[in-house]
Amino acid sequence: MLPTLNSTNDYVHVSKKYNNGKNIVMGDCVVAMKPSDPHQRVCKRVSGMPGDIILIDPSIGSKLNYVSEKMASMKSKKDSFEEIGTLLQETLSEYEPLLRRNSDMSNDDIDDEELRDNKRRLESFDEFVQVPKGHVWLTGDNLSYSVDSRTYNFVPMGLIKGKIVAANDFNKPFLQSFRQIDNSYK
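Position 100 (the sequence shown) corresponds to 100 in the UniProt record's numbering; numbering is contiguous.
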């Protein structure tokens, strides 16, 4: 959940008034039981409510949009070509290993679970889903590194244990590190 929450030393304050998803809204940070491992809890942001239509993995689209916006704003043609090449290479290089490893495979040919997951991830870039009644779509604030609903799918509202209202760093004095966690979508 970087930059909202630090991965270590952060203590979160949770309001259990929002238990089971009561009164949560899009953009709230919540603590929920991880659907794939009920003994773990996760801190995620609500990115989809029941009935919402979600683009499963917008990250590549965002990066490509950034590249095209950057291209449009460039002034010098020589500098533009050099910078565009660098931007495209940086953007696409992240996905090159997935493309290379999965290019000529059918699902029947794949024995490695990681490869199957990569192939599913590539196939889902443009996939839209509708959040079913009684569920939410949770994502981390740092999409590139987050294990969230894109991995474990819809989360039943019953797994939500509360809303994160504040956090503070264990290594700093309480009043200096205390910060309110607001809904960033408002």
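C-beta atoms are modelled at their ideal positions from N, C-alpha and C, and glycine is treated no differently.
Quick caveat, the model's predicted, so the values are computed rather than measured.
The beta strand (DSSP E) enclosing residue i, as first and last residue numbers
i       : result
Leu-55  : 53-55
Leu-138 : 135-139
Phe-128 : 128-130
Simplified DSSP assignment, three categories, for residue i
i       : result
Tyr-145 : helix
Leu-159 : helix
Ser-177 : helix
Gly-27  : coil
For residue i, the residue or residues it bridges with in DSSP
i       : result
Lys-14  : First, the amino acid is wrong: residue 14 is Val here, not Lys. Paired residue(s): Ile-164.
Lys-44  : Val-30
Asp-182 : BP columns for Asp-182 are empty, so no partner.
Cutoff 8 Å; reference residue i; Cβ partners in own chain excluding five residues on either side
i       : result
Val-165 : His-13, Val-14, Ser-15, Gln-180 and Ile-181
Phe-128 : Ile-53, Ile-54, Leu-55 and Ile-56
Lys-161 : Val-14, Lys-16, Asn-19, Val-30, Val-31, Ala-32, Met-33 and Arg-41
Gln-130 : Gly-51, Asp-52, Ile-53 and Ile-54
Asn-142 : Met-1, Leu-2 and Pro-3
Asp-169 : Asn-6, Asn-9, Asp-10, Tyr-11 and Ser-177
7 Å Cβ shell around residue i - same chain, five flanking residues per side excluded
i       : result
Met-157 : Asn-20, Gly-21, Gly-134, His-135 and Val-136
Ser-36  : Tyr-152
Val-155 : Ala-32, Pro-35, His-135, Val-136, Leu-138 and Ser-149
Chain-order list of residues whose beta-carbon lies under 6 Å from that of residue i (same chain, five-residue window excluded)
i       : result
Met-105 : With a pLDDT of 49 at Met-105, under the threshold of 50, the predicted position of this residue should be treated as unreliable, though the coordinate-derived value follows. If we look at Met-105 and ignore the five residues flanking it on each side, it has no Cβ neighbours.
Tyr-185 : Met-26 and Gly-27
Any non-hydrogen atom of the ligand ZN closer than 7 Å to residue i Cβ
i      : result
Gly-27 : Of the ligands one can find in the structure shown there are none, so the ligand ZN has no counterpart to examine.
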